[in-house]
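Working notes, beginning with the structure itself.
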Amino acid sequence: MRFILLFSFSITAFFSNAQRQSNLIDKLVNENTTTFFDTYKQLHSTPELSTKEINTAAFLKNTMKNYGFEIIDSLGFHSFAAVLKNGKGPTILYRTDMDGLPIKEETSLSFASKVKGKKDNVEVDVMHACGHDIHMTSWLGIAKILSNLKNEWKGTLVMLAQSAEETGQGAIKVVNSANFNTIPKANYQLAIHDHAELKTGEFGFCDEYAMAAVDMMNITIYGKGGHGAAPHNTIDPIVISAEFINALQTIVSRNLPPIEPAVITVGAINGGTVGNAIPDQVNLKLTIRSFSKTSRELILKRIKEIGDNLALSAGLGNDNLPKYQLLDVNVPVVYNNIALGNKIRSSIKNHFGDTTVVNVKPVMIGEDFGVYGQSLSNIPSYIIWAGTLNKSLQNQQNTVYSLHSSHFQPDAEVAIPQTIKVMSNCLIDLFKNN
Ligand SMILES: [Zn+2]
Ligand SMILES: [Zn+2]
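Whatever position you read off the sequence shown (first residue = 1), add 267 for this note's numbering.
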């Protein structure tokens, strides 16, 4: 009886503590919702391209200094870490990305981006079409809440702002930078990414392999050019390319096990100039997505085998085999740690109810957040999807605009305060339960 009384008392204490924490966070977030949305509008209307996030990084850095964080700079491009040491406890790293995309915004928002930038010396329109502005605003909000509620947790909070996620250059640069070792070593690493198809207020979880490894490859198919009316005197690289592209489709469908997800997409094909001339070469650009090392290696091997043998069967010699150039993209698979996922899920369910947590399937898009988990492989990491779909807006438009769409219009006004509340509670719970 005594045991039951004690037990029920401690359960009640636990829930009232959790409630008190939620209430404190709710109050702070609600008081600052307008400021957060103003920050979002500012970031949304001033996007910067990958590796060029100069003003964005400066704004984030200044704000974090005002919140009392200590800055660790020079983590490659414009990446930096903001550290808040708050006594003895675990260290948690929380990462945001900062870059926009070379896309012309076509939303009707009053604060839509009209910004232009330079990509490969060509002027392009720039847009936050992947929601990295939502990530940054929530990141700032979470930092503000945790710096205001220092009495509620003990440990070290490392807020990492990362350049060049979209190009896969940023994370690898961070972990290879000399200053990376001066960042307190994390016990847990977290990030969010907005999700265009999940409702605002829903948080998506995908344990273990969640996002694919990304490879990009340029291939040159050689031939022997000549008159289009005398193909028998040529070796036509356009015909070889056509056969090659078709044959590539058999790698996923015939070489990989049926339950092993992978993608090979030829996204660009360029060759020739006029209808009556057979060119000397054709250039292809591919992206390859995979989840396992074995699949990735098999795909790369089969691409070469198929290309080489088609060239040989067309009559080309060993000196004219296709050239395969694997680009320097550093986007490994994103692996979400189950035990950490369980802690976060139970924290969210405890504060916000079961329906806030949803399971999502793995996706073939890439995220260089995987670099932190892979390079520091014994550190549990998790990237959580944060829903940004406004149901009523979707009903009006009858369509869902995906990430990277020029029409992408997330429900930021609701998603940002919700994300700040959810992630602030999760972080404080993680700090406490260690
Ligand atoms: Zn993106
Ligand atoms: Zn993104």
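Cβ coordinates follow ideal geometry from the N, Cα and C atoms, glycine included.
Only a predicted model underlies this, so the values are computations on that prediction, with no experimental measurement involved.
- With fewer than 16 other Cβ atoms from the protein chains shown falling within 10 Å of its own Cβ, R521 counts as exposed.
- In the three-state reduction of the DSSP assignment, T487 falls in the strand class.
- The beta carbon of S289 sits closer than 7 Å to those of H618, N692, all from its chain and outside the five residues before and after it, given in chain order.
- Just so you know, the alpha carbons of L407 and L427 end up roughly 11 Å apart.
- Contact between A453 and I359 is confirmed by a C-beta separation of about 6 Å, below the 8 Å threshold.
- Under the 8 Å Cβ criterion, the segment 681-689 counts as touching the segment 460-468, having at least three qualifying pairs.
- Distances between the C-beta of L670 and the heavy atoms of ligand 1 include at least one below 7 Å.
- The beta carbons of T487 and P589 sit about 6 Å from each other, so the pair counts as a contact at 8 Å.
- E564 sits in a helix when the DSSP states are folded into three classes.
- Proximity of the segment 483-498 to the segment 387-404 falls short of the contact definition, fewer than three beta-carbon pairs being nearer than 8 Å.
- Here the alpha carbons of T501 and S430 stand approximately 48 Å from one another.
- Collapsing the DSSP output to three states places N418 in a helix.
- Restricted to the segment 547-628, the alpha helix (DSSP H) segments that are unbroken, complete and at least 4 residues in length are 560-580, 605-619, listed in chain order.
- Taking 8 Å as the cut-off, the Cβ atoms of E373 and S669 do not count as close.
- Bounds of the alpha helix (DSSP H) holding D696 are 679-699.
- In the assembly as shown, Q592 is an exposed residue. Its beta-carbon has fewer than 16 other beta-carbons within 10 Å.
- In this structure, DSSP gives H494 an extended state, which the three-state scheme calls strand.
- Taking a contact as a CB-CB distance under 8 Å, the pair A529 and V519 counts as one, their CB atoms being some 5 Å apart.
- Distances from the CB of D305 to the heavy atoms of ligand 2 are all 7 Å or more.
- Short note on E433: C-beta closer than 7 Å to some heavy atom of ligand 1.
- Between T554 and G398, the gap from beta carbon to beta carbon reaches 8 Å or more.
- Looking at N645, G637, V533, Y455, the one whose alpha-carbon comes closest to that of N701 is Y455.
- For T323 against F344, the beta-carbon gap comes to about 11 Å, at or over 8 Å, which does not count as contact.
- Counting along the chain, I502 sits inside no alpha helix (DSSP H), nor does DSSP assign it H or E at all.
- Not one heavy atom of ligand 2 lies closer than 7 Å to the C-beta of C473.
- At least one heavy atom of ligand 1 falls within 7 Å of the beta-carbon of C397.
- Sixteen is the threshold: when 16 or more other Cβ atoms of the shown chains lie within 10 Å of the Cβ of H311, as they do, the residue is buried.
- Counting only the Cα atoms, H462 lies some 23 Å from I531.
- Around the beta carbon of P524, fewer than 16 other beta carbons sit within 10 angstroms, so the residue counts as exposed.
- Q516 counts as exposed, since fewer than 16 other C-beta atoms from the protein chains shown sit within 10 angstroms of its C-beta.
- In this chain, the alpha helix (DSSP H) harbouring I439 covers 437-443.
- Remark: three or more beta-carbon pairs, one from each stretch, lie closer than 8 Å, so the segment 407-424 and the segment 328-342 are flagged as touching.
- For A348, the uninterrupted beta strand (DSSP E) run begins and ends at 347-353, by DSSP.
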